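Mapping to my numbering: the sequence shown position 84 is 104, numbers consecutive. All C-beta atoms, glycine included, are put in the ideal place defined by N, C-alpha and C. Note that this is a predicted model, so its numbers are computed, not measured.
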Amino acid sequence: MISDNSFVSDLLSECSERCRRRDFRISRNNFPYTRATVYVAFFAFILRLIIASSYLNTYDTEWNIMWGVQLGDGFFSAHSHVDALDYPPLYFYPLWLVGRLISVQSIGGYPPFRMLAIKFVPCLTDSLTCVVLYKAASIRLNTYHNKTLGLLAASLWAVNPAAIFNCACWGQTDCVLMFMAALLLLALDEKRVTAAGVLWGAMCSTKLQGLYLTPVVGMEVLTICFGSLHPRDFSLSAIRKPAVMRFVRFVIAAVLTMALIYLPFMLGSGLSSYHPEQSFFEKFIKPVSVYSEGVAKYPYSTFNADNIYMLMGLNGVNDNYRVLPGISASMLGSLFLLTAMAAVIAVYIFGKRGSQWLAGFMFMDCVFMLTCRQHERYQILTLVLLMGAFTRIADKRILTLFSLNSMVIFFNQFRVLSRMREKSGWWHYYMYADSSAGWMAQNGKYATVNSLLGLMLFTASMVYVFRYFFDERSDESLISRGIEAVRAKLSSGQ
């Protein structure tokens, strides 16, 4: 017994001495970057939940709540009976849980809790994006410099107004897509093609807009598997079996992921008793046909998206409208889309540098600004791509582009959602005598100004992007390059 007591006493003494000698002061060598990032993400989550419960919004959120409730009438047969359902199936799982929570009167009948139920997953995933961005910064070189960049990126994302408004105020699922896109590009950074295949399949099964990144993901995977695609470096005869098998692993992972997600809902829809007038095949293919139906649902040149079509005054105008003799807005948008895809291919084949984050930003920004049928929220995906590019390239100019684009995207969302809330008469709760909102009459002018600012930013962004990929002196300022050229010309003239 004495021996046991002595052992415990010695152990406690040793622990006490170690704790006494522990240095809690922060220095460059022991700065808690990871812990600080976790705190940032946690506080970002709490902040979003506070705003989510306080900002009552029925626009779009009630549609998602309705879907969640109706999923209880048949989960895997959802596409056969849920009203106006135009989502791929992966997000049905959290929506089903939302429906069960809403059925509890103390939650569904109390607006702040109702908001928390539908906004919880978007707020959670957006907060976790802070951690992904930190990881992206320190993925290769575990240095103080990279960790500092990662912590800065996480902190800026935590207070980003566009992201906060999207998930906490509006309750949209775009932040879920951004989180998955960040994970996908992080997996590509780590050359993990199987994980990238799974994430790409999951992302496309969550929101239709996940397909937009396909050209960039495809070219990046080809580069990872087969090396440089430049004509002077690439040769079919040099392709080896391990490289082919690596690419096949990506394809199999993507196909299996989508199959595992879709097949239960396709079978459930095909075997359901709903719509007996339809054949098994018509109902079976329904979960896949939501892609085409989603695209065809809003056949407008632009639907509240502040882009070039908004500047043309084509908001809510059918994209068959002729913008030029013999050329409709739809045809013009398709031409721009093909051009953007060609630009992605050119960047990967002839670019002097590589960055899938920046290539993804370039393509997504082109899609939003130049193609039809865009909504006000679709540009937000560019922000996580820009911030990811900042963590990898560490260029202050990207930080400026990120900040300015965040404000333009925030205002585009704010303008649309606030207008819908004014129409709903939310202010009646506060007994306002005057039910008018003067700024609503100027909404069109605000859209024009914001679209013009967005176009200017788009131009500056494309200049930066193409200089990064094709200009060996892209680190130098264009102004200084111009001054240098003028001086050289003057000197040669003398």
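- Does DSSP put residue 322 in a helix, in a strand, or in coil? strand
- Query: Looking at the structure shown, is residue 305 part of a helix, part of a strand, or coil, going by DSSP?
  - Reply: coil
- Item | Spatial neighbours of residue 173 in its chain, beta-carbon cut-off 7 angstroms, leaving aside the 5 residues before and after | Excluding its 5 nearest sequence neighbours in each direction, residue 173 has C-beta neighbours in its own chain below 7 angstroms: 153, 154, 157, 407, 410, 411, listed in chain order.
- Since residue 471 contacts residue 338 with CB under 8 angstroms, what's their CB separation in whole angstroms? Their Cβ separation, rounded to whole angstroms, is 19 angstroms, which puts residue 471 and residue 338 out of contact at 8 angstroms.
- Message: Mapping the DSSP letters down to three states, classify residue 347 as helix, strand or coil.
- Response: Strand at residue 347.
- Query: Thinking C-beta only, is residue 290 closer than 8 angstroms to residue 96?
  - Reply: no
- Item | C-alpha gap between residue 507 and residue 418, whole angstroms | 29 angstroms
- Which first and last residues belong to the alpha helix (DSSP H) in which residue 126 is found? 125-128
- Query: Within 10 angstroms of its Cβ, does residue 299 collect 16 or more other Cβ (buried), or is it exposed?
  - Reply: exposed
- Spatially closest choice to residue 425 from 269, 395, 477, 463, by CA coordinates: 477
- Item | Neighbourhood of residue 335 by C-beta distance below 6 angstroms, restricted to the same chain and skipping five residues each side | 322
- Task: Decide if residue 347 is buried, meaning its Cβ has at least 16 other Cβ atoms within 10 Å, or exposed.
- Result: exposed
- Just mark residue 502 as buried or exposed, buried being the case when its beta carbon has 16 or more other beta carbons within 10 Å. exposed
- Query: What number of angstroms, rounded off, separates the C-alpha of residue 192 from the C-alpha of residue 400?
  - Reply: 11 angstroms
- Query: In chain order, what residues of the same chain lie with their CB nearer than 6 angstroms to the CB of residue 273, ignoring the 5 residues before and after it?
  - Reply: 214, 217, 218
- Query: On the three-state DSSP scale, how would you describe residue 416?
  - Reply: helix
- Item | Closest Cα partner of residue 106 within the set 252, 225, 394 | When 252, 225, 394 are compared, the shortest CA-CA separation from residue 106 is found for 225.
- Task: Identify every residue that forms a DSSP beta bridge with residue 394.
- Result: According to DSSP, residue 394 bridges with 322.
- Task: For the alpha helix (DSSP H) containing residue 82, list its first residue and its last residue.
- Result: 81-90
- Rounded C-alpha distance that separates residue 383 from residue 296: 43 angstroms
- Task: Jot down the residue ranges of each uninterrupted beta strand (DSSP E) in the segment 233-307, minimum 3 residues, whole runs only, in chain order.
- Result: none
- Query: By how many angstroms is the C-alpha of residue 76 removed from the C-alpha of residue 190?
  - Reply: 9 angstroms
- Message: Tell me which residues share the same chain as residue 369 and place their Cβ nearer than 8 angstroms to its Cβ, disregarding the 5 neighbours each side in the sequence.
- Response: 249, 250, 251
- Task: Would you identify the three-state DSSP class for residue 342, choosing helix, strand or coil?
- Result: strand
- How big is the Cα-Cα spacing for residue 245 and residue 166? 26 angstroms
- Item | Cross-strand partners of residue 335 (DSSP beta bridge) | 322
- Message: Less than 8 angstroms between the C-beta atoms of residue 243 and residue 374, yes or no?
- Response: With contacts defined by Cβ atoms closer than 8 angstroms, residue 243 and residue 374 form a contacting pair.
- Task: Would you kindly work out how many angstroms separate the C-alpha atoms of residue 262 and residue 268, rounded to a whole number?
- Result: Our two residues, residue 262 and residue 268, have alpha carbons roughly 10 angstroms apart in a direct line.
- Message: Can you find the residues in the same chain that come closer than 7 angstroms, C-beta to C-beta, to residue 220, ignoring five residues on each side of it along the sequence?
- Response: 204, 237, 274
- Query: CA-CA distance, residue 307 and residue 319?
  - Reply: C-alpha separation (whole angstroms): 21 angstroms.
- Proximal residues to residue 253 (C-beta, below 8 angstroms), its chain only, five neighbours per side dropped: 247
- So residue 380 packs on residue 489, CB below 8 angstroms; how close in whole Å? Contact doesn't hold; Cβ gap of about 13 angstroms is too wide.
- Task: State the Cα-Cα distance for the pair residue 499 and residue 510, rounded to the nearest angstrom.
- Result: Roughly 17 angstroms between the two C-alpha positions.
- Query: Do you know offhand how far residue 453's Cα is from residue 178's?
  - Reply: For residue 453, the pLDDT reaches just 48, beneath the cut-off of 50, and the residue's location in the model is therefore unreliable, leaving the point undetermined.
- Message: Considering only the alpha carbon of each residue, which of 464, 394, 73, 56 lies closest to residue 169?
- Response: 56
- Query: Mind checking whether residue 148 and residue 119 have CB atoms under 8 angstroms apart?
  - Reply: no
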